[in-house]
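Heads up, the thing below is written out as structure tokens.
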Amino acid sequence: MNVFLQIPGNPLQIFATNFSILHSFFFRQLCYIKKKGGMVLAKYSSKINKIRTFALSLIFAGFIVMYTGLFFRAHPVVVTLFMLFGLFFILLSTVVYFWIGMLSTKAVQVVCPGCSKPTKMLGRVDICMHCNEPLTLDPELEGKAFDESYNRKRLQK
Numbered sequence: 002m003n004v005f006l007q008i009p010g011n012p013l014q015i016f017a018t019n020f021s022i023l024h025s026f027f028f029r030q031l032c033y034i035k036k037k038g039g040m041v042l043a044k045y046s047s048k049i050n051k052i053r054t055f056a057l058s059l060i061f062a063g064f065i066v067m068y069t070g071l072f073f074r075a076h077p078v079v080v081t082l083f084m085l086f087g088l089f090f091i092l093l094s095t096v097v098y099f100w101i102g103m104l105s106t107k108a109v110q111v112v113c114p115g116c117s118k119p120t121k122m123l124g125r126v127d128i129c130m131h132c133n134e135p136l137t138l139d140p141e142l143e144g145k146a147f148d149e150s151y152n153r154k155r156l157q158k
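For what it's worth, our numbering labels the leading residue of the sequence shown as 2, then goes sequentially.
Written out as structure tokens, the structure reads:
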């Protein structure tokens, strides 16, 4: 009996196996909607985590595009185009990861009053990465309800 992982030869089976892994990952990562007091509120996430999740989704999109190219094995040019297009998604995610890494080094690091853990803030308002506590450095916004629109430049005037 072979103890190694056996990879099925059919591209559809490979895709289905990887899709179930991706689905379970994204099911946890997507912003879900929850009801609170009759109102429907979207779960917020810190800006840095949103951008990192976007970059990760670009990687998975690149893999899905590459797997799609396997369905056209009879046409090498089409397979090559799908592989290059998938590689483009992966390279784009690398650029996004590099950009958010550089942005993260310039972010203001604060200690969350809710969980007492250090977190990074981008903009006037953000959310703690650990406990989703609304944070602000602007004294005018202190005590107001959290709204991501406070970060827009046209509202700062």
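Each residue gets a CB set at the ideal place from its N, CA and C atoms; glycine is no exception.
Checklist entry - For L104, which three-state DSSP category applies? => result helix
Next on the checklist: Excluding the 5 residues flanking F55 on each side, which residues of the same chain have their C-beta closer than 7 angstroms to its C-beta?
Outcome noted: V97
Checklist entry - Given a threshold of 16 other Cβ atoms within 10 Å of its Cβ, counted over all protein chains shown, does D139 qualify as buried or as exposed? => result exposed
Checklist entry - Is it right to say T120 is buried, meaning 16 or more other beta carbons lie within 10 angstroms of its own, or is it exposed? => result buried
Checklist entry - In chain order, what residues of the same chain have a beta carbon less than 8 angstroms from the beta carbon of C116, not counting five sequence neighbours either side? => result C129, H131, C132 and E134
Item to check | K51: first and last residue of the uninterrupted beta strand (DSSP E) it sits in | outcome: No beta strand (DSSP E) holds K51; the alpha helix (DSSP H) holding it covers K48 to G70.
Item to check | Beta-carbon separation (whole angstroms), G63 vs F90, contact threshold 8 angstroms | outcome: 3 angstroms
Item to check | DSSP bridge partner residues for T137 (one or two, in chain order) | outcome: V126
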